[in-house]
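Shown next, in structure tokens, is the structure this report addresses.
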């Protein structure tokens, strides 16, 4: 059975080689007959699509070079389009043919067709398709696209072909423009990835602001799907392009688009499937840039992802993409984990493990659950720390309240004590009381003598007498006289003088009839005394010291 298949393949290849020989001969002989050449080229395309080995044979017999010359020569526009279409089929069907066509000369010729407005839209579209075939999964083609400057012309056409004000799929002219724009978008995406080309990714960052504008104004699948694919390829495994896209608000726009499509996902299957394309782009944006998860938390993207996972219209592959985005969202942002728990996401994940429909999601589900476990541990540690901080603060507050209570009690006691003292009167010690009593007795004696004299003498309080002052200062308790008691009128009684004003106050009233004389020996007239007859002499005479 297997031998028969091999024999059949060999027979097919032999027939294909014979056909190639005939067709190539026809092209060479009918080069001035465009319809015949076109027919031969279309037959070659059909053979190449059915048998890739025939492409290698066609290159070996010189057919690839002949078709390339037809495409780049000044022939009829219709024949040029067919020749380019033949090169496209050969490059897609055979890797050796793809490598052989990657020459700077061919890139220069093709980009002229793309950038020249004098050529038809169909020729431009086919030319871009050829570039797409040459750069797809081909690092050599990616480098040539950049070095020949083709990538910059494609970027210019990407911006100018579709403006945000021109989007109208009911217009035939717009549909043709959209076709060209769609191919350019795919070509730029192939130029930056598969394999990854960081230089081309960096260059294509310049059109990301235009991508953001188109996503803001249009939710049509014909616009959103190719843009999401381009965004994903441009930012894949490149943190710099991811940061740039986030900085211009691109991730915010993708989040808004996802929210709008999720609202319509229950009624529209196309909206649900388009939302999956958006989640793929979001996934790439945050894969190597964890701060992007914070942006998604701000837009509450996690509940929308859970909504998509519950849709029956999505297949397992699409749900795997959504679950992968959910895993990246929760890996670096605790707020997203909080949203997951709030929206019953944990129960859904646990149920999905045992559900055979989600068998392909098993590994991703375990990743999300592991993130939840880490989040729970962190939350528990935070709670413990918070509890210890709260207890320490409570202790400080209790200590402060105790101090405040003690202070309040002491103030109350002081106020009560002052109130009692105020009601009872001031307290004096025994020494002061004795001194005051002695002073009062002396004042009474002097007043009695004053009454006997029939005159009035100003007496100082007992506490201001010299004897009292000496007693209070620790001096001699005797009166501060110059000698023992002496008779009044003979000598000075005190060694202190009184002011003249007070001497006048000390003079007795005229009615008494007692003359006021100066004391003997008082030359300056500073000391005055009261003179009386010996029969009425008082044993004590008081004077005031100022």
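Residue numbers (my numbering): 11 to 556. For each residue, glycine too, the CB sits at the ideal point set by N, CA and C. Note that the structure is predicted; figures quoted are calculated from it, not measured.
Residue 303 is classed as buried because its beta carbon has at least 16 other beta carbons within 10 Å across all chains shown.
Residue environment: residue 413 is assigned as exposed (fewer than 16 neighbouring CB atoms within 10 Å of its CB, all protein chains considered).
Here residue 199 is buried: its Cβ has 16 or more other Cβ atoms, across all protein chains shown, within 10 Å. A straight-line Cα-Cα distance of about 33 Å links residue 40 and residue 189. Taking the CA atoms as reference points, residue 233 sits about 8 Å from residue 224.
Each of 89, 117, 262, 295 was checked against the Cα of residue 308, and the nearest Cα belongs to 262.
A direct Cα-Cα distance of roughly 42 Å separates residue 38 from residue 209. If the five residues before and after residue 161 are omitted, its C-beta is found closer than 8 Å to the C-beta atoms of 155, 198, 201, 210, 213, 214, all from its own chain and listed in chain order. Closest in C-alpha terms to residue 285, from the list 296, 171, 270, 295, comes 270. One thing to note: residue 47 has its Cβ within 9 Å of the Cβ of residue 80. Residue 68 sits in a helix when the DSSP states are folded into three classes. Take residue 114, set aside five residues on each side of it, and the residues of its chain with a beta-carbon closer than 7 Å to its own are 154, 158, in chain order. In this structure, the beta-carbon distance from residue 27 to residue 64 falls below 9 Å. In the three-state reduction of the DSSP assignment, residue 324 falls in the coil class. Ranking 111, 326, 33, 381 by CA distance to the CA of residue 340 puts 381 first. Under the three-state reduction of DSSP output, residue 158 falls in the coil class, being neither helix nor strand. Sequence-distant partners of residue 355 (beyond 5 residues in either direction) whose C-beta falls short of 6 Å from its own C-beta, in its chain, are 316. Per the C-alpha coordinates, the member of 292, 55, 132, 92 positioned closest to residue 255 is 292.
Within the same chain, 77, 80, 81 come within 6 Å of residue 93 by CB-CB distance, once the 5 residues on both sides are set aside. Sequence-distant partners of residue 177 (beyond 5 residues in either direction) whose C-beta falls short of 6 Å from its own C-beta, in its chain, are 228. Following the DSSP letters along the chain, one finds residue 349 inside the alpha helix (DSSP H) bounded by residues 344 to 352. Residue 295 and residue 328 have their C-alpha atoms roughly 18 Å apart. In the three-state reduction of the DSSP assignment, residue 247 falls in the coil class, being assigned neither a helical nor a strand state.
By the Cβ-count criterion, residue 45 is exposed, with fewer than 16 other Cβ atoms from all chains shown falling within 10 Å of its own Cβ. Excluding its 5 nearest sequence neighbours in each direction, residue 290 has C-beta neighbours in its own chain below 7 Å: 238, 242, 331, listed in chain order. Bounds of the alpha helix (DSSP H) holding residue 293 are 279 to 297. Distances from the alpha-carbon of residue 335 to those of 420, 361, 268 put 268 closest. Here residue 421 is exposed, its C-beta having fewer than 16 other C-beta atoms within 10 Å.
Between residue 395 and residue 402, the alpha-carbon positions lie close to 11 Å from each other.
If you look at residue 139, you'll find it in the alpha helix (DSSP H) that goes 131 to 145.
With contacts defined by Cβ atoms closer than 9 Å, residue 107 and residue 148 do not form a contacting pair. Between residue 288 and residue 321, the beta carbon gap of about 14 Å keeps them out of contact (Cβ cut-off 8 Å).
At a Cβ-Cβ threshold of 9 Å, residue 58 and residue 99 count as neighbours.
Straight across, the Cα-Cα distance linking residue 152 with residue 207 is about 8 Å. The C-alpha of residue 83 lies about 21 Å from the C-alpha of residue 143. In the same chain as residue 120, and ignoring 5 residues on each side of it, the C-beta atoms closer than 7 Å to its own belong to 137, 140, 141, in chain order.
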